[in-house]
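Each remark here refers to the structure printed beneath this line.
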Amino acid sequence: INAEYGGKVYKFAEGIKQGDTFLFFGRFMVGTFIFSIRGKGVEGLRITIKAKGASGTVMFSAYKGGKMVSKATGPYPPVGRGNRYAVLIEVAKIGYYITINGARYTVFKHKIALKLLTGYQFSGLGKAARARWFRHF
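For the sequence shown, this note's numbering begins at 38 and goes up steadily by one.
Here it is in structure tokens:
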């Protein structure tokens, strides 16, 4: 799947389940990049990465009815302007295990039931990302 920035929601054929893995990668160029796992009126996981020179900031959040219900921030992710990145998201019982450029970055606990999540979306500025969803990778 080649996902271009602009907001198209890509649907999961069979929903999202424990054991699923999502990988997206590309080159982080400028501004803000957002990836979300979502359903109708909810976002189970939103990853927001902002470029600031050679490094950046990262925020993980969950939304229900347009309101943030959970938020976690990290220091500087190993992703900087002009650098290549690879983000791996593993769906586990307690939450999402997130690995950035080969280093385990954080665990973001589930705040939205998996059965409510029906697709994923990219948005923000920069080059297109390549993405792949794996069932029990």
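We put the CB at the ideal spot given by N, CA and C, even for glycine.
Contact check, GLU80 vs LYS101, beta carbons under 9 Å: Yes, they are a contact pair.
As assigned by DSSP and simplified to three states, the class of PHE174: Caution applies to PHE174, whose pLDDT of 48 falls short of 50 and renders its modelled position unreliable; the value that the coordinates give is listed next. Looking at PHE174 - three-state DSSP - the assignment turns out to be coil, as it is neither helix nor strand.
Distance between VAL128 and PHE174 (C-alpha atoms, nearest Å): Reliability fails at PHE174, whose pLDDT of 48 lies under 50, so the model's placement of it is uncertain and the value that follows must be treated cautiously. In a straight line, the C-alpha of PHE174 is about 11 Å away from that of VAL128.
Short Cβ contact (9 Å threshold) for LYS87 with VAL95: Taking 9 Å as the Cβ cut-off, LYS87 and VAL95 qualify as a contacting pair.
Assigned exposure category for VAL124 - 16 Cβ within 10 Å defines buried: Note on VAL124: 16 or more other CB atoms within 10 angstroms of its CB, so buried under the neighbour-count rule.
Assigned secondary structure, LYS87 (DSSP; H/G/I helix, E/B strand, else coil): Strand.
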